[in-house]
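This report concerns only the one structure given below.
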Amino acid sequence: MNDADVGKQVQQMVRFILQEADEKASEITVAAEEEFNIEKLQLVESEKRRVRQEYERKEKQVDVRRKIEYSTELNAARIKLLQAQDDVVTGMKESAGDALLRVTKDANTYKRILKGLIVQSLLRLREPSLVLRCREADRSLVEAVLEVAKKEYAEKAKVNLPKVIIDGKVYLPPHRNSRDVHAPSCSGGVVLASQDGKIVCENTLDARLNVSFRQKLPEIRKKLFSKQVS
1 MNDADVGKQV QQMVRFILQE ADEKASEITV AAEEEFNIEK LQLVESEKRR
51 VRQEYERKEK QVDVRRKIEY STELNAARIK LLQAQDDVVT GMKESAGDAL
101 LRVTKDANTY KRILKGLIVQ SLLRLREPSL VLRCREADRS LVEAVLEVAK
151 KEYAEKAKVN LPKVIIDGKV YLPPHRNSRD VHAPSCSGGV VLASQDGKIV
201 CENTLDARLN VSFRQKLPEI RKKLFSKQVS
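Following the UniProt record's numbering, the numbering of the sequence shown begins with 1 at its first residue and continues without gaps.
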């Protein structure tokens with residue numbers, strides 16, 4: 001084999017090696033691009049998931065905050081409604097108290113009321129000897145009806161006339177004073193107690209008003225507020 005043939009074979013081998021190198025390089029490039037695209041896709045999907053999770057987390061926080069704010073506003077509205085209802089009821093009670101004070105200014109009417117309260121108290125206590133307390137301003141009216149009240153009680157209870165002493169040292173407080181609304185007050189009526197003070201019947205107009213209002217309160221609230229949304 002001469003030098004020319006050897007040279008040809010060498011050139012063929014070089015071309016074959018270069019061709020194989022190009023093909024290998026092309027395969028490596030394709031594989032690298034595929035791996036890059038796969039990794040890029042995975043990174044993109046991972047970032048999308050992270051963004052979605054972050055959005056969902058923030059959306060939940062906003063929803064929770066919205067619910068809390070709504071609940072807070074609803075409770076505040078309910079408290080205002082209840083306060084407004086209480087103000088109306090309190091106003092009605094105060095109006096009733098004012099009406100009682102007007103009644104006490106009519107001597108004849110008030111004397112009949114006092115007699116009824118004394119008889120009722122005697123029937124409740126059924127004691128032979130009692131102490132009666134009233135407002136100092138009412139003492140003369142109480143004295144005017146006391147004997148009649150005792151006789152009426154004795155007839156109803158079929159007992160002897162009880163001994164009733166009007167306490168001249170301790171009186172019930174006077175009616176409410178607009179200058180000192182927190183001071184003790186009494187709109188009228190009487191308080192009777194057994195001689196030893198162990199049994200007491202508070203039959204003041206204020207006590208009767210409180211009992212009546214407490215009993216009627218459900219009915220009052222139903223009539224006034226039944227159409228309101230709870």
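We put the CB at the ideal spot given by N, CA and C, even for glycine.
Fair warning: this is a prediction, and the values are worked out from it, not measured in the lab.
Inter-residue spacing [alpha-carbon to alpha-carbon] between residue i and residue j
{"i": "Q85", "j": "R221", "result": "8 Å"}
{"i": "L41", "j": "I28", "result": "20 Å"}
{"i": "S212", "j": "L82", "result": "21 Å"}
{"i": "L132", "j": "R208", "result": "17 Å"}
{"i": "G97", "j": "E202", "result": "17 Å"}
{"i": "S80", "j": "P184", "result": "The question names Ser, but residue 80 is Lys in the sequence shown. Rounded to whole angstroms, K80 to P184 spans 30 Å at the Cα level."}
{"i": "L122", "j": "I68", "result": "59 Å"}
{"i": "D22", "j": "F16", "result": "10 Å"}
{"i": "S46", "j": "R66", "result": "30 Å"}
{"i": "R126", "j": "P174", "result": "28 Å"}
{"i": "A137", "j": "Y171", "result": "9 Å"}
{"i": "V51", "j": "E59", "result": "12 Å"}
{"i": "D196", "j": "N75", "result": "51 Å"}
{"i": "D167", "j": "S140", "result": "13 Å"}
{"i": "E20", "j": "Q12", "result": "12 Å"}
{"i": "V64", "j": "Q53", "result": "16 Å"}
{"i": "E106", "j": "T72", "result": "In the sequence on display, residue 106 carries Asp and not Glu. Going from the Cα of D106 to the Cα of T72 covers about 52 Å."}
{"i": "N108", "j": "A77", "result": "49 Å"}
{"i": "Q215", "j": "L146", "result": "29 Å"}
Per DSSP, the bridge partner or partners of residue i
{"i": "I113", "result": "Paired residue(s): none; I113 is not in a bridge."}
{"i": "R133", "result": "V191"}
{"i": "L172", "result": "R135"}
Assigned exposure category for residue i - 16 Cβ within 10 Å defines buried
{"i": "V6", "result": "exposed"}
{"i": "S187", "result": "buried"}
{"i": "V191", "result": "buried"}
{"i": "A193", "result": "buried"}
{"i": "G189", "result": "buried"}
{"i": "Y153", "result": "buried"}
{"i": "R112", "result": "exposed"}
{"i": "K30", "result": "Correcting the residue identity first, residue 30 is Val in this sequence and not Lys. It is exposed - the Cβ of V30 has fewer than 16 other Cβ atoms within 10 Å."}
{"i": "Q38", "result": "According to the sequence displayed, residue 38 carries Ile and not Gln. With fewer than 16 other Cβ atoms within 10 Å, it is exposed."}
Limits of the beta strand (DSSP E) - the one that residue i falls within
{"i": "E202", "result": "200-204"}
{"i": "K158", "result": "Element bounds for K158: n/a, residue is neither H nor E."}
{"i": "K163", "result": "163-166"}
Worksheet entry | Contiguous beta strand (DSSP E) assignments of at least 3 residues, all confined to the stretch 3-61 | You should have found no qualifying run.
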